[in-house]
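K.L.:
This is the structure, below, for whatever I ask next.
Written out as structure tokens, the structure reads:
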């Protein structure tokens, strides 16, 4: 692909983000955002709407990330809730992986076999000075599972033995050191690469390599790289959370100051991906989650609608579902309905919104739901500062900071 050197400086880059409902195209001078046409290939739709911009750049200067695949699913098998399962879950979420379940090995015979295909099984437990912690019950359980990948990150001696008996098993260094601290690099790199391979394996995404010479990264990875840089561009005070609510998933990025658990890791922020909390592709699972929440009906009444809104396909219904998504994900971060980590939400100073939600809701719509959550769930008048990234600048911060432009 050829570009015009007269139009772009040597350091100018074209950044493209492919979401499940929108795609964004960013140059040094502007950001374009377009609703996707699902009747077209992503590349065809991109070139139809932003072709003139794309054609100004050489393939080496075009950098792409995507969240259109919706993420990967994992099942984690560990020895203890307090160390192996907690540590592996932390790394999985921070790598953009969706944890569908976790189970204690000692009770493995009591667990049912998931019916859906699992993208990756993580097996963890023990420190390297221990051995003989897993037995044949693990092999029997794994033989019944439908999975694509399996990775062992427990004690070294058991890993060497299991490598010869478990199909498609990748053995990596232990994530728990002798001081019971987390060692995240090897597993995180493995999971991040799986996530990226899944993105690149999607037929629609493959075609994007026709316009770029660079690796396609996951959007949550790029956004997480932007978090230390947000203060320079937005009025955000630590500690904060960032909610990226889109069509297929909701990504939560949060300051570790909000977490009680003292997990020793390299990053100052973590993220969680809720694969089934989106407003377009995950609409039905979002509605199902709302129907299981005893306070969602009260929120609907507060917003002056009824449950009939679930049957509508209108701009108003989309707006209500976006507001529900905010409420439900805050519940999952609270003591009321903890999904994985409980955040100290009363200590939160700022809440930042990015993604498709900023195209539907204004600041007043968001603050109304946040205030309802604090009053109803936390019995508090606490009011964190609300920031809407309406121009999707946060994504470009992470991309420009060499997250993808290397």
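In our numbering, the protein residues as written are 1 to 406. From the three backbone atoms N, C-alpha and C, an ideal C-beta is built for every residue, glycine too.
So, residue 242 versus residue 230, is the Cβ gap smaller than 9 Å?
P.N.:
For the purposes of this step, residue 242 is taken as the residue at position 242 of the chain shown. For the purposes of this step, residue 230 is taken as the residue at position 230 of the chain shown. Cβ atoms of residue 242 and residue 230: closer than 9 Å.
K.L.:
Please state whether the Cβ-Cβ distance between residue 386 and residue 366 is less than 9 Å.
P.N.:
Indexing the chain shown from 1 puts residue 386 at position 386. Indexing the chain shown from 1 puts residue 366 at position 366. It is a contact, given that the beta carbons lie within the stated cut-off.
K.L.:
Run through the DSSP bridge pairs and tell me what residue 17 is partnered with.
P.N.:
As a first step, residue 17 must be located in the chain shown, where it is residue number 17. Answer by DSSP bridge pairing, in chain order: 24, 65.
K.L.:
According to the neighbour-count rule (16 or more other Cβ atoms, all chains shown, within 10 Å of its Cβ), is residue 38 buried or exposed?
P.N.:
The residue you call residue 38 lines up with position 38 of the chain shown. Residue 38 should be labelled exposed.
K.L.:
Give the single residue among 381, 53, 18, 174 whose Cα lies nearest to the Cα of residue 83.
P.N.:
Stepping through the chain shown from its first residue, residue 83 is reached at position 83. The candidate whose alpha carbon is nearest that of residue 83 is 174.
K.L.:
Pop quiz: residue 325 and residue 286 are said to be a contact at Cβ under 8 Å. What is the actual Cβ separation, rounded to whole angstroms?
P.N.:
Looking up residue 325 in the chain shown gives position 325. Looking up residue 286 in the chain shown gives position 286. Sure, about 6 Å apart at Cβ, within 8 Å.
K.L.:
Could you give the uninterrupted runs of the beta strand (DSSP E) lying entirely in the segment 152 to 212, keeping only those of 3 residues or more?
P.N.:
169 to 171
K.L.:
Give the straight-line distance between the Cα atoms of residue 76 and residue 139, rounded to the nearest whole angstrom.
P.N.:
One-based indexing of the chain shown puts residue 76 at position 76. One-based indexing of the chain shown puts residue 139 at position 139. When rounded, the distance between both Cα atoms is 14 Å.
K.L.:
Just the C-alpha distance for residue 313 and residue 283, rounded to the nearest angstrom, thanks.
P.N.:
Translated into positions along the chain shown, residue 313 becomes position 313. Translated into positions along the chain shown, residue 283 becomes position 283. Cα-Cα distance, rounded: 11 Å.
K.L.:
Can you find the residues in the same chain that come closer than 7 Å, C-beta to C-beta, to residue 15, ignoring five residues on each side of it along the sequence?
P.N.:
To locate residue 15, count along the chain shown from 1; it is residue 15. The answer, listed in chain order, is 26, 63, 396, 399.
K.L.:
Per DSSP, which residues does residue 34 bridge with? Please list them.
P.N.:
Position 34 of the chain shown, counting from 1, holds the residue named residue 34. DSSP, once it has assigned bridges, lists 23 as partnering residue 34.
K.L.:
What does a CB cutoff of less than 8 Å around residue 12 pick up in its chain, not counting 5 residues either side in sequence?
P.N.:
For this step, residue 12 is matched to residue 12 along the chain shown. Taken in chain order, the residues that qualify are 27, 28, 57, 61.
K.L.:
Using DSSP's beta-bridge definition, name the partner residues of residue 232.
P.N.:
Reading the chain shown from its first residue, position 232 is the one you call residue 232. DSSP output for residue 232 lists no bridge partner at all.
K.L.:
Which residues mark the beginning and the end of the beta strand (DSSP E) in which residue 240 is found?
P.N.:
As a first step, residue 240 must be located in the chain shown, where it is residue number 240. Start and end: 240 to 245.
K.L.:
Is it buried or exposed, residue 308, if we count other Cβ atoms within 10 angstroms and call 16 or more buried?
P.N.:
Position 308 of the chain shown, counting from 1, holds the residue named residue 308. So residue 308 counts as exposed.
K.L.:
If you pair each beta-carbon of the segment 108 to 117 with each one of the segment 158 to 168, do three or more pairs fall below 8 Å?
P.N.:
no
K.L.:
Could you check what DSSP says for residue 216 in three-state terms: helix, strand or coil?
P.N.:
Indexing the chain shown from 1 puts residue 216 at position 216. Coil.
K.L.:
Going by the beta-carbon positions, is the gap between residue 303 and residue 323 smaller than 9 Å?
P.N.:
As a first step, residue 303 must be located in the chain shown, where it is residue number 303. As a first step, residue 323 must be located in the chain shown, where it is residue number 323. For residue 303 and residue 323, yes; Cβs fall inside 9 Å.
K.L.:
Do you know how far the Cα of residue 382 is from the Cα of residue 148?
P.N.:
For the purposes of this step, residue 148 is identified with residue 148 of the chain shown, where counting begins at 1. For the purposes of this step, residue 382 is identified with residue 382 of the chain shown, where counting begins at 1. About 45 Å.
K.L.:
Looking at the secondary structure, which residues open and close the beta strand (DSSP E) in which residue 99 lies?
P.N.:
Position 99 of the chain shown holds residue 99. Run containing residue 99: 97 to 104, per the beta strand (DSSP E) assignment.
K.L.:
Quickly, what does DSSP pair residue 310 with across the bridge? List them, please.
P.N.:
Residue 310 sits at position 310 when you count from the first residue of the chain shown. According to DSSP, which records beta bridges pairwise, residue 310 is partnered with nothing at all.
K.L.:
Quick one: residues in its chain with C-beta nearer than 6 Å to the C-beta of residue 342, no 5 flanking neighbours on either side, listed in chain order?
P.N.:
Stepping through the chain shown from its first residue, residue 342 is reached at position 342. Closer than 6 Å at the Cβ level, and outside the excluded window around residue 342, lie 335.
K.L.:
Mark residue 301 as exposed unless 16 or more other C-beta atoms lie within 10 angstroms of its C-beta, in which case mark it buried.
P.N.:
Mapped onto the chain shown, residue 301 falls at position 301. Exposed, since its Cβ has fewer than 16 Cβ neighbours within 10 Å.
K.L.:
Measuring alpha carbon to alpha carbon, tell me which of 20, 377, 67, 371 ends up nearest residue 199.
P.N.:
For the purposes of this step, residue 199 is taken as residue 199 along the chain shown, with counting starting at 1. Among 20, 377, 67, 371, the Cα nearest to that of residue 199 belongs to 67.
K.L.:
DSSP state of residue 111, grouped into three classes?
P.N.:
Translated into positions along the chain shown, residue 111 becomes position 111. Residue 111 falls in the coil class under three-state DSSP.
K.L.:
Compare the Cα-Cα distances from residue 222 to each of 95, 136, 211, 32 and report the closest residue.
P.N.:
Within the chain shown, residue 222 is the residue found at index 222, counting from 1. For the options 95, 136, 211, 32, the alpha carbon positioned closest to that of residue 222 is the one of 95.
K.L.:
Once you ignore the five residues that flank residue 394 on each side, which residues in its own chain have a CB closer than 6 Å to its CB?
P.N.:
For the purposes of this step, residue 394 is identified with residue 394 of the chain shown, where counting begins at 1. Answer for residue 394: 226, 354, listed in chain order.
K.L.:
Using DSSP bridges, identify the partner residues of residue 385.
P.N.:
On the chain shown, residue 385 is found 385 positions in, with the first residue counted as 1. Its beta-bridge partners are 350.
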